[in-house]
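Q:
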Amino acid sequence: MLVGIINTGIGNVGSVKAALNRIFVEDDRPGHSGLIRAPWCNVYHRDDLKTPTHFILPGVGAYSAFMAALVKMEIIDDIREMKRPFLGICVGMQVMGNCGYENGYTEGLGIIPGKVVKMTQKPLPHMGWNACSDSNTYYFVHSYSFITTREYTGITCVYNGGEVVAAVKKGNFLGSQFHPEKSSKAGLKFLENWLNGSI
Amino acid sequence: MALYKRVIPVLLLQNGIIVRSEGFCRFNIFGNPIDQLIRLSEWDADELVYIDITRQLISNDTNIYDYVRKEHAHSISGGFLNIVKEIGKYACMPITFGGNVRTCEQVDLLIANGADKVLINTGLHLNPELTTEVAKKYGSQAMVSGIDIKEGKVCYGQGNIFSVRQTPNEYAKELEARGAGEILLNSIDRDGKGTGYELDLYSKIADSVSIPVVAMGGVGDFRQMIPALQSNLSAVAAGNIFNYTELAYPRCKKILKAGGCHVR
């Protein structure tokens, strides 16, 4: 196993790495056994996409800036055609949709049908711990949310009377609006479940 | 099911050591920042705020952050950013760093070293454009504006010797308009006194904006947090009190839940 962390320059990769360092997985290297900390590596470039078995795309900030950074890395087509498990966090999840309306219209990756629009609840950002439909509490921090159909909605939460999509899934693509790397034990369990294939 | 209100321990760092504060001028030493963090992580704190209140000297001496005793199990040296980096390794909840932040370059370094949010107070008075700059680059959720209030007036600067003409409400509105994602209110009068928050003042400020507002300053008894959490404030923060007693944070949550507050 090797988790490739896609480094757009706009994302808290440090926190993701620290979280992976806290998760123990089976050592599946030939000639080894036992548990090791989840191995990860940086992905800066197309070539770095070859070896990892899993990918995480961490993101913070604005949709448009994030998409621009991805375009610059020239890995958009590779991501669209990715067959290995791929996890997008926060903006990383939002760009998997068709488009986003933050600071004007931006086209997304188009992997999971849906769009990203500004939330109507107050106050914004939706910031803090919220209990989700999977009986866990995760940390959210966002002002825009992903709108999609039930088919792709994994878990939801409620903020001031309005439902918020917390996680989406389509095949090997998983997205979490919340930050599992900042959600204490529940967040680590989420990452662990994703790594061993139970999500 | 709804968003939980947050309870946030605030740790004051002076010369690299955690201290307690009273009236923003009397400081006593508590201890090593990493030990405190490990304890707070075990207690599963909602979030943490670290504020560097070191008096900035004219020289660029990074050793002013190395006052932690060398025989401590976790001894960090090499300046403030190393402290940030170490904390980033152990923290599994969101961390806000602030104190002496004046430029976007400093923000870049803090975030690159693991801070999720950055807290700026005097820096925004000296350069209001900084709010927008940080919000544009990292998103407004990363930009926490601190407002310190003394006798109803917004104060800033080392020693809090400067005050502004705008009322706290007006200033909060301006920060929101410039892109701040969260406001942390502190009362210099109540700091370290243990007499509770200036809730009327804070509540009115929270009414005038639509971004989360966090109360801080003056908690002497956890029950004082209950009316704050039941008001329109999004979160409560406290410094000194979490450092004084055994199992302070879990006890705090227990008391708040018993008081009917919606906390995690």
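Quick mapping for you: the protein sequence lines, in order, are chains A and B.
Mapping to this note's numbering: the first sequence position 154 is 154, numbers consecutive.
Remember, this note's numbering sits 199 above the position in the second sequence when you count from 1.
C-beta atoms are modelled at their ideal positions from N, C-alpha and C, and glycine is treated no differently.
#1: Determine the burial state of residue 321 of chain B: buried for a count of at least 16 other Cβ atoms within 10 Å of its Cβ, exposed for fewer.
#2: Where DSSP assigns a beta bridge to residue 381 of chain B, which residues make up the other side?
#3: Got a sec: is the Cβ-Cβ distance from residue 395 of chain B to anything in chain A below 8 Å?
#4: Output the distance between the C-alpha atoms of residue 285 of chain B and residue 163 of chain A, rounded to the nearest integer angstrom.
#5: Is there contact here, the segment 90–109 of chain A with the segment 302–311 of chain B, by at least three beta-carbon pairs under 8 Å?
#6: Start and end of the alpha helix (DSSP H) containing residue 172 of chain A?
#7: Quick check: is the beta carbon of residue 406 of chain B nearer than 8 Å to any beta carbon in chain A?
#8: Does any C-beta atom of chain A lie closer than 8 Å to the C-beta of residue 340 of chain B?
#9: Could you tell me how far apart the beta carbons of residue 183 of chain A and residue 155 of chain A are, in whole angstroms, since I believe they sit closer than 8 Å?
#10: Counting Cβ pairs closer than 8 Å, one from the segment 412–428 of chain B and one from the segment 176–192 of chain A, do we hit at least three?
#11: Report, in whole angstroms, the separation of the C-beta atoms of residue 330 of chain B and residue 314 of chain B, which I expect to be a contact under 8 Å.
#12: Helix, strand or coil, according to DSSP, for residue 223 of chain B in the structure here?
#13: What are the complete alpha helix (DSSP H) segments, minimum 4 residues, inside the segment 56–131 of chain A?
#14: Give the interface partners of residue 456 of chain B over in chain A, defined as CB-CB distance under 9 Å, in chain order.
#15: Quick check: the Cα distance between residue 363 of chain B and residue 353 of chain B, rounded to an integer number of angstroms?
#16: By alpha-carbon positions, which one of A:18, A:32, A:176 and A:65 ends up nearest to residue 38 of chain A?
#17: My parser needs the beta strand (DSSP E) runs of 3 or more residues fully inside the segment 2–31 of chain A; what are they?
#18: Quick check: is the beta carbon of residue 125 of chain A nearer than 8 Å to any beta carbon in chain B?
#19: Less than 8 Å separating the beta-carbons of residue 101 of chain A and residue 122 of chain A?
#20: Is residue 415 of chain B helix, strand or coil by DSSP?
#21: Identify the continuous alpha helix (DSSP H) that holds residue 194 of chain A and give its terminal residues.
#22: So with CB distances below 9 Å, who are the chain A contacts of residue 315 of chain B?
#23: Give a yes or no on whether the minimum CB-CB distance between residue 202 of chain B and chain A is below 8 Å.
#24: Under 8 Å Cβ to Cβ from residue 387 of chain B, same chain only, skipping five residues before and after it: list those, please.
#25: With 16 other CB atoms within 10 Å as the buried threshold, where does residue 423 of chain B fall?
A: So, from the data block:
#1: As a position in the second sequence, residue 321 of chain B is number 122, starting the count at 1. Residue 321 of chain B comes out buried.
#2: Locating residue 381 of chain B in the second sequence gives position 182, where the first residue counts as 1. DSSP lists B:343 as partners of residue 381 of chain B.
#3: As a first step, residue 395 of chain B is located in the second sequence; it is residue number 196 there, counting from the start. Chain A contact via Cβ: absent.
#4: Within the second sequence, numbered from 1, the residue matching residue 285 of chain B stands at position 86. Within the first sequence, numbered from 1, the residue matching residue 163 of chain A stands at position 163. The alpha-carbon separation between residue 285 of chain B and residue 163 of chain A amounts to approximately 37 Å.
#5: no
#6: Start at 1 with the first residue of the first sequence, and residue 172 of chain A comes out as number 172. Premise fails: residue 172 of chain A is in no alpha helix (DSSP H) and is neither H nor E.
#7: In the second sequence, counting from the first residue as 1, residue 406 of chain B sits at position 207. It does not; no Cβ of chain A falls within 8 Å.
#8: The residue you call residue 340 of chain B lines up with position 141 of the second sequence. It does: the Cβ of residue 340 of chain B has a partner Cβ on chain A nearer than 8 Å.
#9: One-based indexing of the first sequence puts residue 183 of chain A at position 183. One-based indexing of the first sequence puts residue 155 of chain A at position 155. In fact, because the Cβ distance is near 13 Å, the residues do not count as touching under 8 Å.
#10: no
#11: Here residue 330 of chain B refers to the residue found at position 131 of the second sequence. Here residue 314 of chain B refers to the residue found at position 115 of the second sequence. In fact, because the Cβ distance is near 16 Å, the residues do not count as touching under 8 Å.
#12: Sequence index remark: in the second sequence, residue 223 of chain B carries index 24 (1-based). Coil.
#13: 63–73, 76–80 and 91–94
#14: Along the second sequence, one-based indexing puts residue 456 of chain B at 257. Within 9 Å Cβ-Cβ: nothing; residue 456 of chain B doesn't reach chain A, min ~14 Å.
#15: The residue you call residue 363 of chain B lines up with position 164 of the second sequence. The residue you call residue 353 of chain B lines up with position 154 of the second sequence. So the alpha carbons of these two residues sit roughly 6 Å apart.
#16: Numbered from 1 along the first sequence, position 38 holds the residue referred to as residue 38 of chain A. Residue 38 of chain A has its Cα closest to that of A:18, out of A:18, A:32, A:176 and A:65.
#17: Runs of the beta strand (DSSP E) inside the segment 2–31 of chain A: 3–6 and 24–26.
#18: In the first sequence, counting from the first residue as 1, residue 125 of chain A sits at position 125. Yes, residue 125 of chain A counts as interfacial toward chain B.
#19: Numbered from 1 along the first sequence, position 101 holds the residue referred to as residue 101 of chain A. Numbered from 1 along the first sequence, position 122 holds the residue referred to as residue 122 of chain A. Contact flag unset, no.
#20: On the second sequence, position 216 is the one that residue 415 of chain B refers to. If DSSP states are grouped into helix, strand and coil, residue 415 of chain B belongs with the strands.
#21: Looking up residue 194 of chain A in the first sequence gives position 194. Unbroken alpha helix (DSSP H) run through residue 194 of chain A: 184–195.
#22: What you label residue 315 of chain B is simply residue 116 of the second sequence in a count that begins at 1. 12, 15, 60, 141, 179 and 182, listed in chain order.
#23: Counting from 1 along the second sequence, the entry for residue 202 of chain B is found at position 3. By this cut-off, residue 202 of chain B is an interface position.
#24: Here residue 387 of chain B corresponds to residue number 188 of the second sequence, with the count starting at 1. So the list reads 222, 223, 347, 348, 349, 354, 359 and 416, once near-sequence residues are dropped.
#25: Locating residue 423 of chain B in the second sequence gives position 224, counting from the first residue. Buried, by the Cβ-count rule.
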